[in-house]
Amino acid sequence: MSHYRNKTIYQALLFAPIILQVLVAVSFIVMNYHDGLDTFVVVIGINLMIYLMYCVLIVPFAYAISIGLSRKNYLNFYTIIMGSCLICFLILIIGHLIFMGGLPTPFWKLFSNPSFYFVTVFVGVCYWAILLGLKQRDGAIDQVKS
């Protein structure tokens, strides 16, 4: 385990959800191809709004957690997945409280959607892979400079 640069962590956090968003956008556009350009514009607009909300709500907390873990040399695959699940659980609870006015009566039903876990783990794996790729790129750049 090694120490990651702050810039590398920040870039990896910004790039992590883009793969999933592109896949979702392309699938919506393909499924609604007969609606024309309006569907394309709406899907792209909604994806941009979701990405903006991700950058405002999640990136600061994930960045702080990642910096803390990196300084202690604990930023690895397992802590990234656990941190991703923790942040998504908190966002899910807060979102449910805001939009539904309360939590469901059996609390466990809040976490019973398997697609929630797929999205959470997929974005965590993307963050980990991008972080490793950027670290290798930074290491290659440092070797060239010295």
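Each residue of the sequence shown is one higher than the one before, counting from 1335 in my numbering. Cβ coordinates follow ideal geometry from the N, Cα and C atoms, glycine included.
Compare the beta carbon distance of residue i and residue j with 8 Å and say whether it is the shorter of the two.
{"i": "Ala1346", "j": "Leu1420", "result": "no"}
{"i": "Phe1395", "j": "Trp1462", "result": "no"}
{"i": "Ile1343", "j": "Ser1418", "result": "no"}
{"i": "Ser1400", "j": "Leu1409", "result": "yes"}
{"i": "Leu1465", "j": "Tyr1338", "result": "yes"}
Going by DSSP, what residue range makes up the alpha helix (DSSP H) through residue i?
{"i": "Phe1411", "result": "Phe1411 to Met1434"}
{"i": "Tyr1385", "result": "Leu1371 to Met1387"}
{"i": "Thr1342", "result": "Asn1340 to Phe1349"}
{"i": "Val1364", "result": "Ile1352 to Met1365"}
{"i": "Ser1400", "result": "Val1393 to Arg1405"}
Which whole-angstrom value is the C-beta distance of residue i and residue j, which I expect to be below 8 Å?
{"i": "Leu1431", "j": "Phe1450", "result": "With a Cβ gap of about 16 Å, Leu1431 and Phe1450 do not count as contacting."}
{"i": "Tyr1385", "j": "Gln1355", "result": "6 Å"}
{"i": "Asn1381", "j": "Ala1359", "result": "5 Å"}
Assess, as a yes-or-no matter, whether the region 1351-1371 is touched by the region 1449-1467 under the definition of 3 or more beta carbon pairs within less than 8 Å. Pairwise C-beta distances place the region 1449-1467 in contact with the region 1351-1371, as three or more of them are shorter than 8 Å.
Quick check: the region 1436-1450 against the region 1359-1378, are at least 3 beta-carbon pairs closer than 8 Å? Taking 8 Å as the limit for Cβ pairs, the verdict is that the region 1436-1450 does not touch the region 1359-1378.
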